[in-house]
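What follows is a single structure, written as structure tokens, with notes after it.
4 protein chains.
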Amino acid sequence: MANIVVKKLDTTPIEERPTEIVERKGLGHPDSICDGIAESVSAALCKMYKEKMGTILHHNTDQVELVGGHAYPKLGGGNMVSPIYILLSGRATMEILDKEKNEIIKLPVGTVAVNAARNYLKKVLRNADLEKDVVVDCRIGQGSVDLMDVFDRKKTDIPLANDTSFGVGHAPFSVTEKLVFETEKLLNSDELKKELPAVGEDIKVMGLREGKKITLTIAMAVVDRYVNSVEEYNEVKEKAKAKVEELAKKLADGYEVEVCINTADDDNCIFLTVIGTSAEMGDDGSVGRGNRANGLITPFRPMSMEATSGKNPINHIGKIYNILANIIAHDVAELDGVKECYVRILSQIGKPINEPKILDIEVITEDNCDLKDIEPKAKEIAERWLDNIPEVRNKIINGEIKTF
Amino acid sequence: MANIVVKKLDTTPIEERPTEIVERKGLGHPDSICDGIAESVSAALCKMYKEKMGTILHHNTDQVELVGGHAYPKLGGGNMVSPIYILLSGRATMEILDKEKNEIIKLPVGTVAVNAARNYLKKVLRNADLEKDVVVDCRIGQGSVDLMDVFDRKKTDIPLANDTSFGVGHAPFSVTEKLVFETEKLLNSDELKKELPAVGEDIKVMGLREGKKITLTIAMAVVDRYVNSVEEYNEVKEKAKAKVEELAKKLADGYEVEVCINTADDDNCIFLTVIGTSAEMGDDGSVGRGNRANGLITPFRPMSMEATSGKNPINHIGKIYNILANIIAHDVAELDGVKECYVRILSQIGKPINEPKILDIEVITEDNCDLKDIEPKAKEIAERWLDNIPEVRNKIINGEIKTF
Amino acid sequence: MANIVVKKLDTTPIEERPTEIVERKGLGHPDSICDGIAESVSAALCKMYKEKMGTILHHNTDQVELVGGHAYPKLGGGNMVSPIYILLSGRATMEILDKEKNEIIKLPVGTVAVNAARNYLKKVLRNADLEKDVVVDCRIGQGSVDLMDVFDRKKTDIPLANDTSFGVGHAPFSVTEKLVFETEKLLNSDELKKELPAVGEDIKVMGLREGKKITLTIAMAVVDRYVNSVEEYNEVKEKAKAKVEELAKKLADGYEVEVCINTADDDNCIFLTVIGTSAEMGDDGSVGRGNRANGLITPFRPMSMEATSGKNPINHIGKIYNILANIIAHDVAELDGVKECYVRILSQIGKPINEPKILDIEVITEDNCDLKDIEPKAKEIAERWLDNIPEVRNKIINGEIKTF
Amino acid sequence: MANIVVKKLDTTPIEERPTEIVERKGLGHPDSICDGIAESVSAALCKMYKEKMGTILHHNTDQVELVGGHAYPKLGGGNMVSPIYILLSGRATMEILDKEKNEIIKLPVGTVAVNAARNYLKKVLRNADLEKDVVVDCRIGQGSVDLMDVFDRKKTDIPLANDTSFGVGHAPFSVTEKLVFETEKLLNSDELKKELPAVGEDIKVMGLREGKKITLTIAMAVVDRYVNSVEEYNEVKEKAKAKVEELAKKLADGYEVEVCINTADDDNCIFLTVIGTSAEMGDDGSVGRGNRANGLITPFRPMSMEATSGKNPINHIGKIYNILANIIAHDVAELDGVKECYVRILSQIGKPINEPKILDIEVITEDNCDLKDIEPKAKEIAERWLDNIPEVRNKIINGEIKTF
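Chains as they are written, first to last, in our numbering: chain A, 1 to 404; chain B, 405 to 808; chain C, 809 to 1212; chain D, 1213 to 1616.
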């Protein structure tokens, strides 16, 4: 029986607090590139393991290090001089002992991982030439024997927690959160890229709300080959700004929204890139240093430090509990009388993952609302999701649930 | 003039909330090893730059990737079979143009970085043999030209913010926070290592408070050569437990404290290591995924995602503002009438670092206390520290301020 | 004035000696892969330097290390599990000082090198999938300042020798040499691949002549996806053998030629590969350990140890003198009365490359022939080629002269 | 029964030929550093395998790539700015299947290899600080399964040849060969280093004999911290020159010997180094590109291309046959009536190594001497050594036989 606690949180709801800071690192940000690769590698390994072994074997590929390259962006089209170096590391079951044949069998971890990483990069960095701009290296190693053991037991039924760790989630998104999140989605959407191909994938959105005023500070890479002059560069910025302002009207009605794109630009220095990401010019990245599992960085909200991307979706608490906490928070927040919901789930190493040491639900309620009415429903939601972990896992593997 | 805002936070103080989760990853945890190396490399580069160039040049060495090795721990003494691989990356000014001599001068970034990393490892992993157990590799590259430019301007006076980013801090530590923090310090202290040399450096402390009960779940590596039997292993755990209980009596008077060390141990599997860290056996690590600048991970408190360790102490907001936020919170929390204080500082890229876009101070006050009395004092504290950034910087370089 | 010496060599011509051993490592042999990459990278850098700087800058990319992958070949089609890792190293001018603009300019050495290597691999390993089977990494560094200086002076006229070193060549090819050389060419020809796609690129031909009998021992990788049974595998071997025997009839008329393909095959072990090279399964390679500049390894002939591939074609003695020695030997061997010719050219570091310390020509003459008649013609040939070094250089860059 | 052939070679003995070129790359030359590391790693693995498994397991560590660092030598003492990077690769049995326990056991290949390399470097580069000047990385991988199989059979008796390959040797050394060989030994001897600590380990000796005149062109690194001025630098050169001239008097009596040290020196450029090797400043190296198994490069003598260093001493033809060929040549050359001897041994993959396909002995005899008298003795010598291969192997492992 899970230890589920529902409590009233006696604090000012986020929307009523005077200040709020929200950040999202876009798909082409060096840290997000690493997150995306890590998650792609994990998903590809899951598929390979299932195909070859009938079950998902132990792995955690939540370690990707991106070492920035060197580029000479130039209006009209520059070039890269040193490639970006990407090191895949982490652990994966690379060999198993076929006890019947008394043989060691090696699994294609290295080739599958390199392939997944390169395929992901092709999708996310449209303007890069992977034959010269990026080196993908791999030092993924075999996992510890003991961890494989913990994993083995799981085949029967419910996996056991890999660690003493926790996940954190909240809901609903505030207006600022929604706006920051959707702004990046918009600027990295296929539609916008068709209209404004010069907009690179490295987009960082920083939202500051002061009362009813929201300032969106956007760092947006511009791809050099599509702009032949500073005028054209500025035009791209203007058009992108207009798109975001349009979005803001929909999502932040009633707020004054100021959109600032590439504020550091001056005569000597504009955010011009060859392939659309600052990784081309000395910006490094790694997994788990950017967006949380909900896609945002929110210093006015509780967060977990765990890197969600790349961890195995079977028994890694740092992945499953973070995703679960967000899902549960989302459903609880939809209950009548709930204004905001915060969920934290703490595991105990070696215990079944559907039996957390504590699943803590905090709710800010409507004034007229009694916790007693909410508590049983919230518990039911939590219990249902703890029972549904396998379904969540499948959605992760299929990419239906995003991790960053 | 800095935009400093002081506000009352209308929420239940942490100690009165029913639940609290606090974590600290000890010095020998793979993530902390990376944090420590990153910070050592930055400090060593600062010294080298000062010595050679009279000023600290641009660098950010907050990218260290640790790829776990492979070990066979054994009661009485096992051995490592594959070394730990550590990749130093990040950016540093490696060459400068001597405009008078019309010459490119290379600075000893690579050798200084490798040296700093190896020296740090010797200190922190007492039981490792660096001649065989660890490979330290280096791919630190030259920074972007534009960033160097931002850096240049600073020589005059106040450096300009390198990015639009923020720092977060809070004070005072709750009882659980203090206890978690000091428990790791104790277990990694020279005194304890003398008495219990079998206690490894990889120690993770997870504190869960439920009302007045605190559970400390400790994962503690034991070094195999010092224990010849499971009995001796258990004895080490018992003695360590007694030490922590003793500490808890002092720091958490009035609380029931349960101390659990290596709870996943069973007949087949104990936390035995050759060199005292799980990095020896497939646990990977990277910078900025563990403790925040205050040494803790606190999902019930606001946090920043920024890796503090390894960033340059001159103009990197992700470093300076996180440290500053903690310092300011600490001083404000000592004001009469303040129960708790939360500080967030947001920069604007290209603006002087002592002029943040917003410096947001939230205080939970004593019942009888008026914000009006606190506000001017809090502002004064914040202003004073904004003026004292150079002093903070020096303390960072000298290692007086810890970053993880 | 070059120090050219022509001497009579008083020894039995190779064809009359009782034994001869000749070896050629084919295009897909790990060592040859490295040679080919090294030479492709050098040629690509030459083109880039010319395009960007109007002249070829200093470089030596004769350092490529191939670390074998791991594969599971299987009749009908297996797969690779760990990619081949290829490290490009060596030196190249990566940055130059634009003294007028007082600026450091970086040249696209890394991206050009990675690109050249990947393009070469695509051509030479038809059955590899470069998106997953091979990792190409690059650690090419800036050359020493002093060497750049030596290089600089050359812009005027004749480059200066980069080292005290020598080149060696001989002509004509013996029957066994011709046969070994052409056998590999045949087995790696487009025509043969069309007819026998199962023949991999990793082909090693070892020729042993004992009197009038030549034994060709051929190690020939077979690509698994094209053969569904051991019978089909053997059929491929038989067909290849027939092709070689046909060739032998043309080239070695009057000799008994025995062709042995994959003699180590037995019931447990055949030379089956996934992508056509032993590099897929743990065979490593590096530059300069395989064929000499004439395409052969000839322990009954004098050889140089210098790696020819990848060295710069401007002033690197190890490249230019080896190629030149072969060319001169070839021309001298065509003189009336000359049976065999051996050429050795020794440089002196810092002297113009057309003024070798010694250019030593040894000839085995027809019985009725006087050295006096040959000497002036041989000298003239040598002098002419010393004058024609720039032409040789261009042929190297265009790939008209092979280096391995 | 081995196929041993003894033949008369009808050619001018080397001493009577007008020209001769001989080269030796000293211990600190980048290629020799790689050879030395490769051989040290193999020897260390042999010891480890014997200790752990009772027998030497399959390995070939003849792949070491050295990527040069970057240094600023300065009279009185400069410093290195980028470390030398050394990649160990090759193959070694890293894991074995304990069929009784049904367990995979990993062997400490990585740690032993890194340790052996670092220890070797400490010995051979006296002036390097391994804590900062050198990075030793390791990508040694598991060997191919098939090769392990060939190896297995050997446990019974005589190992089987790993490949179709050959070894080459000659004896005796000519005067020029002896002089070149001993000159490097002298300059790298402990005695000389005591007297002239400024003499670095990177010493390349090139000997050119023209008739009775020998020119020794020596490139000799000088270590900067021991010389405070160009005068002191020149003094070191003078003293070293005097030592070599003294040696020449002993070894090359009757020859005119000219000794030239660092002939490329000029006002701008002397061969000054920080740690005594050109590897510090962009000179790369790899295994098997320098000295042959007899310690020399001899373009007037037959040579093998095989890298001897780092190959396993059990069944690798490229190692064993090269060493054996030299030993046999040496013994045959001592027979009465033999002036010179050349030995070539060709293997056949999969056949016992004491049954080469051909062992070819060529002798140049004294005028009055009949081959008939020599043939049976030479055959006996060859047979005896084929029987003594295990003894040779032990000497290799103990380091009594040098490989470069």
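Heads up, the beta-carbon is just placed ideally off N, CA and C, and yes, glycines get one too. Predicted model only: the values in this text are computed from it and were never measured.
Within chain A, partners of residue i - CB distance below 7 Å
i, result
"B:Asp414", "Thr11, Thr12"
Amino acids of chain D, ordered along the chain, whose beta-carbon sits closer than 8 Å to that of residue i
i, result
"C:Glu873", "Gln1275, Glu1277, Leu1299, Ser1301, Ser1498"
"B:Glu614", "In chain order: nothing, as chain D lies at least about 43 Å away."
Residue nearest to residue i in terms of C-alpha spacing, selected from the options
i, options, result
"A:Asn69", "A:Asn102, A:Glu95, A:Asp266, A:Asp133", "A small fix is needed here, since residue 69 of chain A is Gly in this sequence, not Asn. Out of A:Asn102, A:Glu95, A:Asp266, A:Asp133, A:Asp133 has the C-alpha closest to the C-alpha of A:Gly69."
"D:Ile1573", "C:Val1140, C:Arg825, C:Glu1009", "C:Arg825"
"C:Met888", "A:Ser82, A:Met94, A:Tyr72, A:Gly36", "A:Met94"
"B:Phe570", "B:Met707, B:Lys456, B:Leu492, B:Thr667", "B:Met707"
"C:Met1014", "C:Thr1116, C:Gly834, C:Asn811, C:Lys815", "C:Gly834"
"D:Ile1579", "D:Asn1215, D:Asp1222, D:Val1218, D:Ala1452", "The sequence given here has Asp at residue 1579 of chain D, not Ile. Checking every option, the nearest Cα to that of D:Asp1579 belongs to D:Asp1222."
"A:Asn291", "A:Val5, A:Val236, A:Asp35, A:Gly76", "A:Asp35"
"C:Pro1160", "C:Thr869, C:Ala969, C:Ala851, C:Gly862", "C:Ala969"
"A:Ala43", "A:Lys402, A:Phe404, A:Ile397, A:Ile401", "A:Ile397"
"A:Thr263", "B:Glu710, B:Lys799, B:Asp567, B:Lys645", "B:Asp567"
"C:Trp1193", "C:Val1035, C:Phe1079, C:Asn1134, C:Lys858", "C:Asn1134"
"D:Ile1529", "D:Glu1567, D:Lys1318, D:Gly1412", "D:Glu1567"
Expected contact under 8 Å - CB spacing of residue i and residue j to nearest Å
i, j, result
"C:Lys986", "C:His837", "Not quite, the Cβ-Cβ distance comes to about 20 Å (not below 8 Å), so this is no contact."
"A:Leu346", "A:Ile358", "5 Å"
"B:Ile618", "B:Val661", "5 Å"
"A:His330", "A:Ala171", "4 Å"
"A:Pro73", "A:Asp224", "4 Å"
Contact under 8 Å by Cβ, residue i with residue j
i, j, result
"C:Val1151", "C:Gly977", "yes"
"A:Leu296", "A:Val392", "no"
"D:Phe1618", "D:Glu1232", "There is no way to answer for residue 1618 of chain D, as the model of chain D reaches only from 1213 to 1616."
"C:Leu1016", "C:Thr991", "no"
"C:Asn1120", "C:Ala1101", "no"
"B:Ile488", "B:Ala683", "yes"
"D:Leu1337", "D:Gly1522", "no"
"A:Lys243", "A:Leu186", "yes"
"D:Val1279", "D:Ala1329", "no"
"C:Leu896", "C:Ile948", "yes"
Residues that residue i contacts on chain C, provided the C-beta gap is smaller than 8 Å
i, result
"D:Arg1351", "Val875, Tyr893"
Contact set between residue i and chain C, taken where Cβ atoms lie within less than 7 Å
i, result
"A:Asp133", "Thr919"
Chain E contact residues for residue i, given Cβ-Cβ distances below 7 Å
i, result
"D:His1282", "Absent from the structure is chain E; the protein chains it does hold are A, B, C and D."
Amino acids of chain A, ordered along the chain, whose beta-carbon sits closer than 9 Å to that of residue i
i, result
"C:Met888", "Pro108, Gly110, Thr111"
Under 8 Å from the C-beta of residue i: neighbouring residues of chain A
i, result
"B:Met457", "Going along chain A, no residue has its Cβ under 8 Å from B:Met457, so there is no contact; the nearest lies around 20 Å."
- Item | Residues, ordered as in the chain, of the region 96 to 120 of chain A that lie near chain D by beta-carbon distance below 8 Å | Leu97, Lys99, Asn102, Glu103, Ile104
- With 8 Å as the C-beta to C-beta threshold (strictly closer), list the residues of the region 1552 to 1575 of chain D near chain C in chain order. Arg1556, Leu1558, Gln1560, Ile1561, Gly1562, Lys1569, Ile1570, Asp1572
- Check distances from the C-beta atoms of the region 10 to 40 of chain A to those of chain B and list, in chain order, the residues that come in under 7 Å. Asp10, Thr11, Thr12, Pro18, Thr19, Ile21
- Query: Relative to chain A, which residues along the region 684 to 718 of chain B have a C-beta separation below 9 Å, given in chain order?
  - Reply: Met685, Gly686, Asp687, Asp688, Gly689, Ser690, Val691, Gly692, Arg693, Gly694, Asn695, Arg696, Ile701, Thr702, Pro703, Phe704, Arg705, Pro706, Met707, Ser708, Met709, Glu710, Ala711
- Can you give me, in chain order, the residues of the region 1369 to 1403 of chain D that have a beta carbon less than 7 Å from any beta carbon in chain C? Thr1376, Phe1378, Val1380
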